[in-house]
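J.: Supplied in C-alpha cells, the structure appears directly below.
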Amino acid sequence: MPLIPARAVVLLAPGLIVLAILLFLPLANIAVESIRPYVPGKIGGARDAPFTLENYAALLHPVYLGYLGTMIWCAFAATLLALVTAYPIAYVIARTRTHFIRIALVGLLAGLLFLSALVRVYSLELSFGTVGLGRTIARLMGVTPNSRSYAEFLVTIGLAHHAIPLSALLMTATIQNINPRLAEAAQALGAPLWRAHLSTTIPLSTPGLLSAFLVCYTINLSAFVVPMVLGRGKVHFLSNLVYDRYGELANFPSGSAIAIELLLVTLVVTYGFGWMVRRLVPGDAR
Amino acid sequence: MMRRAVDNAWRAAVIALLALTLAFLIGPLIVAIMMSFDARGFLAPFPPTALSLRWYGTFFADKSFVAGLKMSLALAVAATLISGAVGTAAALALTQYEFRGKAFLSGLFLSPLMIPAVVIGLALLIFVSRWGIFNGFSRLLCAHVIVTLPFTIRSSLAGLAGIRRSMVDAALSLGANDRQAFFDITFPLAKTGIIAGCVFAFAFSLDDVAVSLFLYDTNSVTLPIALVSHMRANFDLSVAAAATFLAFITVLLIVVLDRTVGLNRVIGQGVYR
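Chains A and B supply the protein sequences, listed in that same order. As numbered in numbering that gives the first Met the number 0, residues 0 to 285 make up the first sequence, in order. As numbered in numbering that gives the first Met the number 0, residues 0 to 272 make up the second sequence, in order.
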C-alpha cells in the first residue's frame, strides 16, 4: 500500500490537530499533574518540586476504596437490571408483525436515548424522591428515604433509565437475526415456552447481550449527572470526586490522580472485558 | 394441558415485566410534564390539583435560564458545524483513499468516546488555563468540538462506506473538479450519515454538563449548567417546565432523524422478516 496520499493528509489534518491539541496533550498534562505535590491555593501542582506518588497513595485509603466499590457495584447492578428488562422490549421489536408497534417502540427508545440527562434525573427525583413514591418504596426496602441505601437505589435506577433504551436498541439487531424457527422447533419437540427460549433464543443472543453489557457498563462507570443529583451527596462516583476536587478544593494534582484512576478503570473494563469476550465467545461478539 | 398453563404463565410474566419496564421508562416523564403545569406555587405531591402556565412564566422570566438557552444553542450550532466539517473530512480521507494504518486512525478518532467526560473536562481546564484561553465561549467550544467529534466521524464513516471510489473517478474523468465531485456525487450519497452524525453531535452538545462545568465562566453559563445549579439550590417546578421544554427539543430531534435517516433504518430489518 502507498504512503498516505497528499489529499488524504489534507483531509485528516484538521481532525488530527484537534485530537492532538484538545485531547492527547491535555491528557498527558493531567498525567504529569497527578504526580506533582499539591500546594494549597495554587492552580496546578508545584512545578519545581520533585514528582511524588502521594496523590495516588491517598486513593488507597478505605474511604476512596469505598467510593470505588460503590461505583463499580451501582454501575454493575444498573447494567444487569437494564439487560434483563430491555430483553423483552428488544424481543418484541424484533419479532412483532405489527408495523405500528415496532415504529412506536423504536421511536420511544430513540427518544429516551436522546433525552437530556437533566430531564431524566429531575423526572426520577420527582417520581421516586420524597415528593413522589420515595417514602413508600423506602419503607418496602426497610430503609428511610434519606438513607444511603435509598440514594444508591436511586442512582441505580437513574443509570438503568438510560441503559434500558440503549441496550434494547443494541440487542434488537442481534435478536432479529436469530431464526425464530429454532424456538418453535424446541416447542414442537415438547419443551415448554420458557425452556425453548432459554435453550435457543437466549444462548444465541449472547453476542448482543455481551456487547450491550459492555457498552452500558462503560457508560455507567463514567456517569456524572445521575450520581451528582440522585446520589444527594451520599453516593459519589469517581467523576463526582474529580469535580469536587476542582470545584471545592481546587486540588488539581489529586483531581488529576482520580481522573487517571477513573480512566484506567474504564479502559480496563472496555479492553479487559472485550478481550475476555473474544476468547470465550467465538465469532464476531463485539 | 399442564404445559399450556405453564406457557401462559410464562407469557403473562414476561408481558408484566415488559409493562412494568415501559411504565418505569415513561411514567416519570409524564409526572414531570404534568407537574410543570401545576398551578400551585410550591412543590406539592402529584397529581396537580389545577393547571396553569405559571412555571413556564417563571422559567422564561428567569434571565439566567434564557441567557443559558441562547448560549447553549449558539454553542451547539458552532460545535456541530466545526465537528461536522472536521469529522466529514476525516471520514472522507478514511473511506476514499488507501493507505497504511487506517484502522489505527479510525480507532484514534473514536477514542474520545472511551474517555469519561469529566476526565476530558479537567484535562482541558488545566490545558486552557496554562495557555491563557480565558474566554468562556472559546473554552466551551474547544470542549464541545472534541466530545462531539466521534459522533460526526462515526456516522459519516457509515454514510460514506457504501460509496464506490469508481463513481467519484467517473465524475472526475468527465471533467468535474474535486469540489464538484464532492458536492455532486459524494455528499448527496452520504448525506443521511453526515446529517445523522450532526443531529447526534447537536443533541450531545446541548445536553453536556460534565465537561462544561469545568470550563464555563459567568458570561457563558449554558442552560444545563444553570439548571444543575438551580436544582441543587432549590428544587422547584421551574425546572419541570425547563425539563418539558428540553424533552420537546428531544422530540424535534427525533423527528428530524426520522425524516432524514428513517428510524427503522437505524436498526435495520434483520434476516427473518
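Ideal Cβ positions, reconstructed from N, Cα and C, are used throughout, including at glycine. Because the structure is a prediction, the values reported are computed rather than measured.
Is there a Cβ of chain B sitting closer than 8 Å to that of A/Y242, yes or no?
T.: Yes - at least one Cβ of chain B is within 8 Å of the one on A/Y242.
J.: Identify each residue in the region 94-121 of chain A for which the Cβ-Cβ distance to at least one residue of chain B is less than 7 Å, and report them in chain order.
T.: Residues I102, V105, G106, A109, G110, L111, F113, L114, S115, A116, L117, V118 and Y121.
J.: If we ignore side chains and look at the alpha-carbon of each, how far apart do A/V31 and A/V17 end up?
T.: Roughly 21 Å separates the two Cα atoms.
J.: Where does B/A12 land, buried or exposed, given buried means 16+ other C-beta within 10 angstroms?
T.: Exposed is the call here.
J.: For chain B, find out if any of its Cβ atoms is closer than 8 Å to the Cβ of A/R285; answer yes or no.
T.: Residue placement at A/R285 cannot be trusted, given a pLDDT of 40 that sits under 50; the coordinates are not used to answer.
J.: Measure the Cβ-Cβ separation of B/T249 and B/G67 and say whether it is below 8 Å.
T.: No, Cβ-Cβ distance for B/T249 and B/G67 is not below 8 Å.
J.: Check each candidate in B/R178, B/I194 and B/I132 and name the one with the smallest Cα separation from B/G86.
T.: Nearest option by C-alpha distance: B/I194.
J.: Please state if the CB of A/L125 and the CB of B/P27 are separated by a distance shorter than 8 Å.
T.: In this structure, A/L125 lies closer than 8 Å to B/P27 by Cβ.
J.: Measure the CB-CB distance between B/G196 and B/F150 and report whether it falls below 8 Å.
T.: Yes; because the gap between Cβ atoms is below 8 Å, this pair is in contact.
J.: May I ask you to list the residues that DSSP assigns as paired with B/L50?
T.: BP columns for B/L50 point to B/D37.
J.: Locate the alpha helix (DSSP H) running through A/L229, then write down its first and last residues.
T.: Taken as a continuous stretch (DSSP letters only), the alpha helix (DSSP H) holding A/L229 covers V224 to L229.
J.: Within the 8 Å Cβ cut-off, does B/L114 reach chain A?
T.: Looking at the sequence itself, residue 114 of chain B is Ile, so the reference to Leu does not match. Yes, because at least one Cβ of chain A sits closer than 8 Å to the Cβ of B/I114.
J.: Going by the CB atoms, is the gap between A/I156 and A/G123 shorter than 8 Å?
T.: According to the sequence provided, residue 123 of chain A is Leu. The question's Gly does not apply to it. Cβ distance < 8 Å, so A/L123 and A/I156 count as in contact.
J.: Please identify, using Cβ separations under 7 Å, the residues of the region 23-55 of chain B that lie next to chain A, in order along the chain.
T.: Here the close residues are L24, G26, P27, L28, V30, A31, M34, L42, P44 and F45.
J.: Enumerate in chain order the residues of its own chain whose CB-to-CB distance from A/Y95 is below 7 Å, with the five nearest sequence positions on each side excluded.
T.: What sits at residue 95 of chain A in the sequence shown is Thr, not Tyr. Cβ neighbours of A/T95 beyond the five flanking positions: R101.
J.: Chain B partners of A/G14, CB-CB under 8 Å?
T.: Correct list: V85, G86, A88, A89, F108, L148 and I152.
J.: Taking the C-alpha atoms as reference points, what is the distance between A/A284 and B/V127?
T.: Caution applies to A/A284, whose pLDDT of 42 falls short of 50 and renders its modelled position unreliable; the value that the coordinates give is listed next. The straight-line gap from Cα to Cα measures roughly 40 Å.
J.: Taking only three categories from DSSP, how would you classify B/F133?
T.: In the structure shown, B/F133 sits in coil (DSSP, three-state: anything other than H, G, I, E or B).
J.: At what residues does the alpha helix (DSSP H) containing A/Y242 begin and finish?
T.: Counting along the chain, the alpha helix (DSSP H) containing A/Y242 begins and ends at L237 to D243.
J.: Can you tell me where the alpha helix (DSSP H) with B/D235 in it begins and where it stops?
T.: Segment: none, B/D235 is in no alpha helix (DSSP H) and carries neither H nor E.
J.: Which residues in chain B sit within 8 Å of A/N28, going by Cβ to Cβ distance?
T.: Neighbours of A/N28 on chain B, chain order: A122, I125, F126 and R129.
J.: Please classify A/Q175: does DSSP put it in a helix, a strand, or coil?
T.: In the structure shown, A/Q175 sits in coil (DSSP, three-state: anything other than H, G, I, E or B).
J.: Quick one: what's got a C-beta closer than 6 Å to A/R277's C-beta in the same chain, skipping five residues either side?
T.: Contacts found: none.
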